[in-house]
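Read in order, the letters of the sequence shown are residues 9 to 96 in our numbering. Before any comments, here is the structure.
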Amino acid sequence: MKPLITEKAMDLMQRLNKVTVKVKADSNKAEVKMAFERIFQVKVVDVRISNVNAKITTRGSRYKGKISGFKKAIVTIAEGEAIDLFKE
Numbered sequence: 009m010k011p012l013i014t015e016k017a018m019d020l021m022q023r024l025n026k027v028t029v030k031v032k033a034d035s036n037k038a039e040v041k042m043a044f045e046r047i048f049q050v051k052v053v054d055v056r057i058s059n060v061n062a063k064i065t066t067r068g069s070r071y072k073g074k075i076s077g078f079k080k081a082i083v084t085i086a087e088g089e090a091i092d093l094f095k096e
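So, in structure tokens, the structure goes:
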């Protein structure tokens with residue numbers, strides 16, 4: 009698991025107590041929930057998983073590249089609990 013740091017993810021974390029993370033492509037909801045509870049010692053209320061499609065990029069007209077697709081999970085944590093993703 010690796011946290012996704014975007015404006016939308018930060019807004020979800022502050023307002024709705026939801027954490028967005030990148031997960032392995034073969035992960036399912038039950039595995040993500042168990043791993044999250046074991047690693048962070050918090051109560052997980054809900055897990056939503058989605059696949060993010062790969063994207064083709066261009067620089068100018070010649071150079072084409074590819075941004076790999078990945079699977080992400082949005083994990084809802086119980087009210088009153090919090091985690092620190094940025095600890096050193």
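Heads up, the beta-carbon is just placed ideally off N, CA and C, and yes, glycines get one too.
Cβ neighbours of residue i in the same chain (closer than 6 angstroms, five flanking residues each side left out)
i, result
"N25", "I85"
"L7", "Outside the shown range of the chain, which is 9 to 96, sits residue 7, and nothing can be said about it."
Extent of the continuous beta strand (DSSP E) run through residue i
i, result
"K74", "71-75"
"D54", "52-60"
"I85", "78-85"
"I13", "Looking at the DSSP string, I13 is not in any beta strand (DSSP E), and its letter there is neither H nor E."
Residue i vs residue j beta-carbon contact at 7 angstroms
i, j, result
"I57", "K37", "yes"
"G77", "T65", "no"
Residue i versus the options, residue with shortest Cα-Cα distance
i, options, result
"K16", "V27, S35, K10", "V27"
"I91", "N61, N59, R46, K80", "R46"
"D54", "T14, K32, P11, I82", "I82"
"K30", "S69, K63, R67, N59", "N59"
"A62", "P11, L93, K79", "K79"
Counterpart residues of residue i in DSSP-defined beta bridges
i, result
"R67", "Y71"
Enclosing alpha helix (DSSP H) for residue i [first to last residue]
i, result
"K30", "Taken as a continuous stretch (DSSP letters only), K30 belongs to no alpha helix (DSSP H), being part of the beta strand (DSSP E) at 26-31."
"E89", "Taken as a continuous stretch (DSSP letters only), E89 belongs to no alpha helix (DSSP H), as it is neither H nor E."
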